[in-house]
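S.K.: Take a look at this one; I'll ask things after.
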Amino acid sequence: MKKILVVDDEHDICDFVQSFFQERGYAVVTASSGEDALVAIKNEKPDLVLLDIKMKGMDGIAALKHIKDMDKNIKVVMVTAMEEQERMDEACRLGACEYITKPLVLDNLENAVEKNIK
Ligand SMILES: [Mg+2]
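For the sequence shown, my numbering begins at 1 and goes up steadily by one.
Laid out in structure tokens, this is it:
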């Protein structure tokens, strides 16, 4: 079973995305900060990370840097609000494979995961 790590400082989003992918046959773990995400990656070894950019403390870009240092093969899909799209150039340079925008559209979310999790 493929495993997804959902990282978002909004608990509602973590819960919602977790049930969405669990219903589709994935194992899903969540983290509510960049710091927690790094611990989860070490302990859970997910195949793909859905990573919110805007978080208190370590933000998604900083977390992405650490994640890629830990495992450069892990797939990371950034989740960003419209006004943060300029930060995606930096995220791509750091090795994010794709991004999706908030508010989340379920089809986009599912496509981004299925395309990258193989
Ligand atoms: Mg956020």
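Beta carbons: idealized from backbone N, C-alpha and C, even for Gly.
Inspect the beta-carbon positions of residue 48 and residue 7 and report whether they are closer than 8 Å.
M.R.: Along the sequence shown, read from residue 1 onward, the residue named residue 48 stands at position 48. Along the sequence shown, read from residue 1 onward, the residue named residue 7 stands at position 7. The answer is no: Cβ separation not under 8 Å.
S.K.: Assuming residue 66 and residue 38 make a contact with CB atoms under 8 Å, what is their CB distance in whole Å?
M.R.: By 1-based counting over the sequence shown, the position of residue 66 is 66. By 1-based counting over the sequence shown, the position of residue 38 is 38. At roughly 5 Å, the Cβ-Cβ gap stays under 8 Å, so residue 66 and residue 38 are in contact.
S.K.: Does DSSP classify residue 31 as helix, strand or coil?
M.R.: In the sequence shown, counting from the first residue as 1, residue 31 sits at position 31. In this structure, residue 31 counts as strand in the three-state DSSP scheme.
S.K.: Using 10 angstroms around the beta-carbon of residue 92, count the other beta-carbons present and answer buried if the total reaches 16, otherwise exposed.
M.R.: By one-based count along the sequence shown, residue 92 stands at place 92. Counting Cβ neighbours within 10 Å, residue 92 comes out exposed, since fewer than 16 surround it.
S.K.: Taking 7 Å as the limit between beta carbons, can you name the residues of its chain near residue 55, skipping five residues before and five after?
M.R.: Within the sequence shown, residue 55 is the residue found at index 55, counting from 1. So the list reads 9, 33 and 34, once near-sequence residues are dropped.
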